[in-house]
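A short write-up of the structure that comes next.
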Amino acid sequence: MAEEPGFRVVEPPRSVFRRKRFLLPFGVAVAVALAGVIALFASGTVALPVQQVLVVRGMIASKRDFFQDPEVKRLLMAHRIQVRMTPVGSRELVGRQDLDEFDFVFPSGQSSVEVVYERRKGKPVNPYRPFFTPIVLATYAEYVAALEQAGVVREQAGSEGLYYDLSVPALIKVMQEGKFWSDYGMSNNNRLIAQIPDPCRTYSGSAYLGMLAFSLNGNRPPTEEDTAVRIARGIKPLLEVEGQYGDDHAPKFLAPDGRTFATVVVVYEHQFLAHQFAVQDRTGQPDRTRVLLYPEAQHETAPELLAFTPAGSRLGELVSENPALRRRALELGFRVLGPSGETSHYGALSEYLQQRGLPTPTSGVGDTETWMPNRRLLEKMIVEVGGCP
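Residue numbering for the sequence shown follows my numbering, starting at 2 and increasing by one per position.
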């Protein structure tokens, strides 16, 4: 009698996804990936590819280093904003024919701001003042003794050798006398001068010209055209010694071999302080080979971000009011203004310097401030000295 056929249920092969050797590492990987996705959603980053990024176009003068900072870019991108910059000098900015094609402009000087308002008459202009920074001079520590001997500088109390007060009249006298560094014991046969950015293009160059004029006119800005032109003609030989002007001397001065390019330069305070913070972060100590010279009659530059469009206004609001961006401005050496442009936050930079264990400089002696000539006269002086159109 034949046996009935038997049947055996054969269990199908276990999927690779159910094998124990796979489950543990796969589970860990999924958990890590899930945690990463949650973090990206929380920060808003994961939404960027599917949410439109607002590209804001602007012409920016000397404060473009703020928008070039990687951390500033990251903070703006967290708000889905990307700044597309056109770098220009302040004087060049106001003459651009395509001014209205931008969402905002960011000139450095008040005279340039006035021209922008004139050109935008009847059109929207929303101003924002996020920070300010003084015009200063910078040199190397080994040259300070020569400047002290010449009666040009003296160390600020408690500055630990980093900050000095500078007498502009004394500097002018030394330059007018044609003194050389070697006259004060330095192994440098160049004339003792301060090198400046091109006054035809940059606000810092034209502001230094205004500082010299203010001093030569008895601590008053020239108010008559003949006086302004006469003073400019007297200043011109003091600046022509430099030869061809550059756009920005700070990068050369702060380079490792900077002393071969420039001994005394006109810069913005924030450029020097940002360098000091970077060196301190890298080495634990400030750079004591370079020092700042603060003119006794101070001149602060408070650049204005002038927004022409809603996109420009959104950017202006962020850089003026966002706590993280305001903190980053401090970390880049700027003196931060209040959210509405008021001066109640002047001490924020001092507090930040103290947190880093660095001395706080004094900007100017007393309350004396260098006043610039009016825009028309300053323009005539710039053309006279710089030979620009």
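Every residue, glycine too, gets a C-beta built ideally from N, C-alpha and C. Bear in mind the structure is a predicted one, so any value in this text is a computation, not a measurement.
By the Cβ-count criterion, G348 is exposed, with fewer than 16 other Cβ atoms from all chains shown falling within 10 Å of its own Cβ. Membership of F103 in any alpha helix (DSSP H) is not indicated, and neither H nor E is assigned to it by DSSP. CA-to-CA, the gap between A256 and D249 works out to about 13 Å.
Here DSSP, grouped into helix, strand and coil, assigns M86 to strand. Pairing T264 with Q196 gives a Cβ-Cβ distance under 9 Å. For the pair A233 and A214, the Cα-to-Cα distance works out to about 7 Å. Taking 9 Å as the cut-off, the beta carbon of G387 is found no closer than this to the beta carbon of P128. Straight-line measurement puts the Cα of S168 at about 26 Å from the Cα of R202. Counting C-beta pairs with one atom in each stretch, the segment 130-144 and the segment 89-98 have fewer than three that are closer than 8 Å, which means they do not touch. With a threshold of 16 other beta carbon atoms within 10 Å, T224 falls short and is exposed.
Within the DSSP secondary-structure output, R58 pairs in a beta bridge with R85. When only Cα atoms are considered, V267 and T290 end up about 17 Å apart. For E385, the CB contacts under 8 Å within the same chain, skipping 5 residues up- and downstream, are V230, A233, R234, K237 in chain order. For R75, the enclosing alpha helix (DSSP H) stretches over residues 71-79. Between L274 and G334, the C-beta spacing is below 9 Å. With a contact defined as Cβ atoms closer than 8 Å, L293 and E270 qualify at about 7 Å. DSSP places V292 in the strand class (E or B) of the three-state scheme. Fully contained in the segment 224-279 are the following alpha helix (DSSP H) runs of length 4 or more, in chain order: 226-241, 251-255.
The beta carbon of L379 lies closer than 7 Å to those of S112, S207, G211, M373 in the same chain, with the five residues before and after it left out.
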